[in-house]
Amino acid sequence: MTLGGWITLTLSLGFVLGLFVWCLRRLFYGRSAPDEKHLAHIELVHEEDRRKKRR
Amino acid sequence: MSHRLHEAWSGRLGAILAVAGSAVGLGNFIRFPAQAAQYGGGAFMLAYFVSFLVIGIPLCWSEWTLGRMGGRSGFHSSAGVLHAVLRRPWAKYVGALGFIVVTLIYTYYVCIEAWCLGYAVNAAAGTFNAADLDFGAFFGRFTGAGENGASVGFGLREMGLFLVLTFALNFFFIYRGVSRGIEWVCRYALPALILLALVILVRVLTLGTPDPAKPDQNVLNGLGFLWNPGNVAVDLLNPQLWLAAASQVFFSLSIGMGVIITYASYLKPKDDVVLSGLTAASANEVCEVGIGGLMTIPAAYVFLGAAGVAALAGKTIGLGFIALPQVFTQMPGGQLFAFLYFSLLFLAAITSSLSMLQPGIALLEEGLGLRRRASVTTLCAITTFGAVFVWYFSKDLKALDTIDFWIANVLIFIQATMIVVIFGWVIGIDRGLAEARRGARIGLPAIWGPVIKYLCPLYLGTIFALFLVNKVVGWNFRFGAEAKFIRSDYVTDLVGPDVNPVAIASVAIILALAVASFVIVRVSARRWDEALAKQKP
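Just so you know, the sequences run in chain order A and B. The first sequence runs 0 to 54 under numbering that gives the first Met the number 0. The second sequence runs 0 to 536 under numbering that gives the first Met the number 0.
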């Protein structure tokens, strides 16, 4: 195994393990969803279509 | 549709485990190391991670979001979900691809799953310990790769009994439903397979140099065979490397199949999809890179040497079912580890095969109004026909290979591109991202907007064009080298003087299911429109 091999292995493993651990931390210890005030306008596509038709 | 409304995951973790279970499959432990070894560790990993970030993550989030949107209206099949979310006449036909893809993949995947079960039982029974056993001949007989119908039998050395058992297990759990069936299996199978994988990994990494007469055949050199970068700059000019990396990401993450759309549709309206999608994808990557990448090739290398492994590079089935059983027999405690390894593959396969059945169950129930018993019976009949076809016409694994090529390579790309275009352009990226952020437990940075809207479809389109040029037209080119024109077997099997009847029949089955699926969604549309009209605006 060359130095390049070790670097590739370490970076690849580090990336996937780091991402997974970070996700688990957020999943179990993270705060729940942020406030949804800015999402109040969100609606399904067909709901907007329906409103346009009514107009 | 009221009888289906109670179907839901028991919690957020259940959905994550189910999606991760769907993603973690045979590809993680056999296909990934075979591909990485073929194209050289460093360059392949670079292309792999670029593909993961540019198409893997965006498609995961797109499918999770679309699924949850459709689930809010009570729809769970990708056809129903897209019909409910988009309300366009063509949307249901795009969604129907989800049913076609996973149902046809199931017909051969269940056969490979049965091989895993059969190999685990044979390992436990000591079949592989026989001194005069020819592993290639055993594989040919067990799978029928040697002759059509050779594996039709119900003994220990034929796959019939194991195929029946595998089918029965799959449909038993599917009949139990989303939470009591799929989630229950994933809740136990996923930790169990990770535990098994870690036990085998420790065994492999402590092999050292088993044969002092061959000091080069040691674990470190085995790791180096997979991970040493080679000439990265030159390797990255090879379009086939990018194609292999992108295909591996697709195959591995279960994206572009409609599975995630169906699974996410069982979430609650305000359940998180951003962190859940990322967690499921990263769990899959840990199994693939962290376990599959350290286990399979080094084990093969220390016993078969560089030449033996090089001959297997890219040959997924040969590596998993011919070389590795041979390797285990030479390993101290090999009988036990062979049993554990094939049990691990079986567990990984069953969590994936269950995910291939649920979209079909959802479509039959919400489209045709079938109850669970009827939908399970109907899907069982359809998939039994396909699996028996693959089982019997097994010479050179022609039926399996043909369906795999046209479905798991071609149709998945098409469906994935359509999904990401729908998310980024038809729904609109701002609306799509806002929908994804609803209930999200992590932020979804705005940079993902242009990635999903522009970069992902462009990357997918380029890779798909390369794929067609390379695998269908047969033009094998790489930048800086002379192009070679090699006619594709997948095409010459269907047209020209040397047509293969099994390949033609395989494509006919694909077309027949496609026509049937389009008819089902067309018939279903009226029922769906009525259900949507009754819902509050």
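Ideal Cβ positions, reconstructed from N, Cα and C, are used throughout, including at glycine.
Open item on the list: Buried or exposed, going by whether 16 or more other CB atoms sit within 10 Å of the CB of Gly125(B)?
Closed with: exposed
- [ ] May I ask you to verify whether the region 78-88 of chain B touches the region 356-369 of chain B, counting CB pairs closer than 8 Å and requiring at least 3?
- [x] yes
Task: Contacts of Ser264(B) in chain A (Cβ-Cβ under 9 Å) - done: Here the premise fails: no neighbours, minimum Cβ distance about 14 Å.
Open item on the list: Tell me the rounded alpha-carbon separation between Gly70(B) and Ser374(B).
Closed with: In this structure, the alpha-carbon of Gly70(B) lies about 19 Å from that of Ser374(B).
Task: Contact list for Gly40(B) against chain A, beta-carbon separation under 9 Å - done: Gly3, Gly4, Thr7, Leu8, Ser11
Open item on the list: I'd like to know if the region 55-75 of chain B and the region 373-387 of chain B are in contact, where contact means that at least 3 CB-CB pairs between them fall below 8 Å.
Closed with: no
- [ ] Reducing DSSP to helix, strand and coil, say where Lys483(B) ends up.
- [x] strand
Open item on the list: Would Val100(B) and Thr165(B) qualify as a contact pair, given that the criterion is a beta-carbon distance under 8 Å?
Closed with: no
- [ ] Jot down the residue ranges of each uninterrupted beta strand (DSSP E) in the region 270-308 of chain B, minimum 3 residues, whole runs only, in chain order.
- [x] none
Task: Local conformation of His37(A) per DSSP, three classes - done: The predicted position of His37(A) is uncertain, since its pLDDT is 47 and thus under 50; a value taken from the coordinates is nonetheless stated next. Residue state, collapsed to three classes: helix.
Open item on the list: In the DSSP output, what is Trp474(B) paired with across the bridge?
Closed with: Phe484(B)
Task: Check whether Phe249(B) and Ala464(B) have beta carbons under 8 Å apart - done: no
Open item on the list: Since Asn147(B) and Lys394(B) should fall inside the 8 Å C-beta cutoff, what is the C-beta to C-beta distance between them, to a whole number of angstroms?
Closed with: 5 Å
Task: Partners in chain A for Trp60(B), counting only beta-carbon separations shorter than 8 Å - done: Per Cβ cutoff of 8 Å: no residues; Trp60(B) is ~13 Å from chain A at best.
TODO: For Trp63(B), decide whether its Cβ has a neighbour in chain A, counting only Cβ atoms nearer than 8 Å.
DONE: By the rule that beta-carbons nearer than 8 Å mark a contact, Trp63(B) does not touch chain A.
Task: Stretch-stretch touch, CB-based, cutoff 8 Å, three pairs: the region 196-205 of chain B with the region 304-316 of chain B - done: no
Task: N- and C-terminal bounds of the alpha helix (DSSP H) containing Gln334(B) - done: 333-367
Task: the region 290-303 of chain B touching the region 212-226 of chain B, judged by at least three CB pairs closer than 8 Å - done: yes
- [ ] Pick helix, strand or coil for Gly423(B), following the three-state DSSP scheme.
- [x] helix
TODO: Confirm, please, whether the CB-CB distance from Leu103(B) to Leu512(B) is below 8 Å.
DONE: yes
Open item on the list: So, with DSSP's three-state summary, where would you put Ser8(B)?
Closed with: This sequence places Trp at residue 8(B); Ser is not what is there. When secondary structure is reduced to three states using DSSP, Trp8(B) falls in the coil class, being assigned neither helix nor strand.
- [ ] With a cut-off of 8 Å on the beta carbons, I'd call Leu10(A) and Gly289(B) a contact; round off their distance for me.
- [x] That belief does not hold up - the Cβ atoms of Leu10(A) and Gly289(B) are roughly 13 Å apart, past 8 Å.
Task: Local conformation of Ser1(B) per DSSP, three classes - done: The predicted model places Ser1(B) with a pLDDT of 43, which falls under 50 and marks its position as unreliable, so this point remains unresolved.
Open item on the list: Let me confirm a value: Ala14(B) is counted as buried when at least 16 other C-beta atoms fall within 10 Å, else exposed. Which label applies?
Closed with: buried
Task: Completely contained alpha helix (DSSP H) runs for the region 384-428 of chain B, where each covers 4 or more residues - done: Counting whole runs of 4 or more residues, the region 384-428 of chain B contains the alpha helix (DSSP H) stretches 397-402, 411-420.
TODO: Grab the span of the alpha helix (DSSP H) containing Arg437(B) for me, first residue to last.
DONE: Note, Arg437(B): premise wrong, no alpha helix (DSSP H); not H, not E.
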